[in-house]
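Below is one structure; the comments refer to it alone.
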């Protein structure tokens, strides 16, 4: 358990440093983590020794280790659908689209194509973690993962009543082929989440977005999701 907690702390440190506009000091990192300076210092030393961080003038920035891991991974590190694919899919469906992945237990958007609200643009552009039950992407991940992973995610993101309620929806979402969030995450947006599989593994979710306020738009989003599923299945 101690090793697991160390990994979680290391992950938090790397995200804090990555999001900072300038290199951070030891005290700044410890404060952001609400952790003792002494234990934070030991963790930073380990991250520096492995190349995940670089220390200069008593401040820390990301090191080259993450880049080298990406180079080693090569094709395995590529997103399920690249930017050209998203652009083609947006043109094919006629609506804005985004690509989401599951990072740990959170939904994170990797990119989008098409006009969306400033808020939605910020969510994508800043890679903000998103809730599972309220987003189309999250609901798609929950519906199409295996039972054990669904139980793990619901234990994190939902209370008992919400978990039971969602489990009742899983079969219908799977039959339909996509999940819907109708104003759950944003009162002005109806979105559909379409799963992306590679070799039978769920690797991402394509989200199709439309405004709720436009008459007939709900059906348009659902129709676009069906078209997107066909496009994804034949690529």
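Residue numbers (our numbering): 583 to 817. Ideal placement from N, C-alpha and C gives every residue a C-beta, glycine not left out.
Can residue i and residue j be called in contact, C-beta distance under 7 Å?
i, j, result
"residue 679", "residue 695", "yes"
"residue 692", "residue 661", "yes"
"residue 767", "residue 790", "no"
"residue 689", "residue 717", "yes"
"residue 753", "residue 715", "no"
"residue 735", "residue 665", "no"
"residue 647", "residue 605", "no"
What number of angstroms, rounded off, separates the C-alpha of residue i from the C-alpha of residue j?
i, j, result
"residue 812", "residue 652", "31 Å"
"residue 663", "residue 681", "7 Å"
"residue 588", "residue 816", "42 Å"
"residue 794", "residue 776", "18 Å"
"residue 727", "residue 744", "17 Å"
"residue 626", "residue 618", "12 Å"
"residue 596", "residue 640", "16 Å"
"residue 782", "residue 771", "30 Å"
"residue 814", "residue 733", "27 Å"
"residue 602", "residue 672", "32 Å"
"residue 805", "residue 636", "49 Å"
"residue 623", "residue 645", "16 Å"
"residue 787", "residue 598", "26 Å"
Report whether the distance from the Cβ of residue i to the nearest heavy atom of the ligand GTP is below 6 Å.
i, result
"residue 733", "The ligand GTP is not among the ligands present in this structure, which contains no ligands whatsoever."
Classify residue i: buried if its beta carbon has 16 or more other beta carbons within 10 angstroms, exposed otherwise.
i, result
"residue 742", "exposed"
"residue 600", "exposed"
"residue 738", "exposed"
"residue 723", "buried"
"residue 676", "exposed"
"residue 763", "buried"
"residue 720", "buried"
"residue 779", "exposed"
What whole-angstrom Cβ distance do residue i and residue j have, given they're in contact under 8 Å?
i, j, result
"residue 725", "residue 761", "6 Å"
"residue 785", "residue 792", "Contact flag wrong, Cβ pair sits at about 24 Å."
Inset, instruction - With a floor of 4 residues, list each alpha helix (DSSP H) that falls wholly inside the segment 700 to 761, ordered by position along the chain. - result: Within the segment 700 to 761, the complete alpha helix (DSSP H) runs of at least 4 residues fall at 700 to 707, 718 to 726, 729 to 739, 742 to 758.
Legend entry - Any alpha helix (DSSP H) of 4 or more consecutive residues that is wholly inside the segment 598 to 646: 608 to 615, 619 to 631
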